[in-house]
Amino acid sequence: MRQNKVELDTVAFNATISACEKGSEWKTALQLISAMSQHDVQADTITFNSALSACEKGCQWQIAAQLFGVMAQREVEHDTITCSALISACKSGGEWEQSLKLISLMAAKKLDANEVAFSAAMCACQAGGEWQKALELFSVLVQCTVEANQIILSNAMSACAEGTQWE
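One point on numbering: in my numbering, the residue at position 8 of the sequence shown is 84, and numbering is uninterrupted.
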């Protein structure tokens, strides 16, 4: 009988962590990142983006923030998806201040803040009772030439409704 071995490389781990993301298995995703180190396999941006998304789906914004820090320690590049995933995780925790810092970080790193990032940050502001900040983000979004889709427009309208600023 012939045994087939799966090569433990970044691609194999990324595929598995991506599956964890889809199943909201954030704990397993973190265990796999740890296993990568044990097997001398280098985690990359895709690895961390999938794990960040798994944390977001599991409502684990604090752990997602820690992972973001681990990326910096390991000198793994942050990209638009990385920041958007963390902003989305912050949204679930109502961490509007962190969301705004990340939007600023994206601008400083010349990363294109997209609809996902702005929408999630606006929702985080609303969840934190900061409707004015959500509207300020809408203004920034327009200046950044990000297309205001239905979700973003709905978030802006909701912020206005919270502040009863329909004028």
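Cβ coordinates follow ideal geometry from the N, Cα and C atoms, glycine included.
Would a C-beta distance cut-off of 8 Å place Leu162 and Leu211 closer than the cut-off? When the beta-carbon positions are compared, Leu162 and Leu211 stay at least 8 Å from each other.
Would you list, in sequence order, the uninterrupted alpha helix (DSSP H) runs of no fewer than 4 residues that lie entirely inside the segment 114-193? List check, alpha helix (DSSP H) in window: 121-133, 137-149, 156-168 and 172-184.
Selected residue, minimal CA-CA separation from Ser126, among Ser113, Gly169 and Ile109: Nearest Cα to Ser126 within the set Ser113, Gly169 and Ile109: Ile109.
Are the segment 182-189 and the segment 199-215 in contact at 8 Å, needing three or more beta carbon pairs? Under the 8 Å Cβ criterion, the segment 182-189 does not count as touching the segment 199-215, having fewer than three qualifying pairs.
By Cβ distance below 6 Å, which residues in the same chain neighbour Lys133 in space, the five residues on each side in sequence not counted? Excluding positions up to five away in sequence, the list reads Ser100.
So what does DSSP say about Ser110, is it helix, strand or coil? Three-state result, Ser110: helix.
Rounded to a whole number of angstroms, what is the C-alpha to C-alpha distance between Ala140 and Ala165? Ala140 and Ala165 have their alpha carbons spaced roughly 7 Å apart.
With DSSP collapsed to three states, give me the class of Glu56. With the chain represented from 77 up to 243, any question about residue 56 goes unanswered, as that position is not in the structure.
Does the beta-carbon distance from Thr123 to Phe144 come in below 8 Å? No. Outside cutoff.
Local Cβ density within 10 Å of Ser160, reported as buried at 16 or more and exposed below that: Classification for Ser160: buried.
Taking DSSP as the reference, what is the three-state secondary structure of Ser100? Three-state DSSP puts Ser100 in coil, outside helix and strand.
Within 10 Å of its beta-carbon, does Ala130 have 16 or more other beta-carbons around it, so buried, or fewer, so exposed? It counts as buried.
Could you tell me the alpha carbon to alpha carbon distance between Leu176 and Ala105, rounded to whole angstroms? Rounded to whole angstroms, the gap between the alpha carbons of Leu176 and Ala105 is 26 Å.
If you count every other CB in all the chains shown that lies within 10 Å of the CB of Gly169, and 16 or more means buried, which is it? Buried, since its Cβ has 16 or more Cβ neighbours within 10 Å.
Excluding sequence positions up to five away, which residues of its chain have a Cβ less than 6 Å from the Cβ of Gln136? For Gln136, where only same-chain residues beyond five positions count, the Cβ hits under 6 Å are Trp102.
Exposed unless 16 or more other CB atoms sit within 10 angstroms - verdict on Glu171: A buried status is given to Glu171, since no fewer than 16 other beta-carbon atoms sit within 10 Å of its beta-carbon.
Output the distance between the C-alpha atoms of Ala91 and Glu97, rounded to the nearest integer angstrom. Distance between the alpha carbons of Ala91 and Glu97 is about 10 Å.
Which residue wins for smallest C-alpha separation from Ala193, given the options Gly205, Asp155 and Gly204? Ranked by Cα distance from Ala193, the first of Gly205, Asp155 and Gly204 is Asp155.
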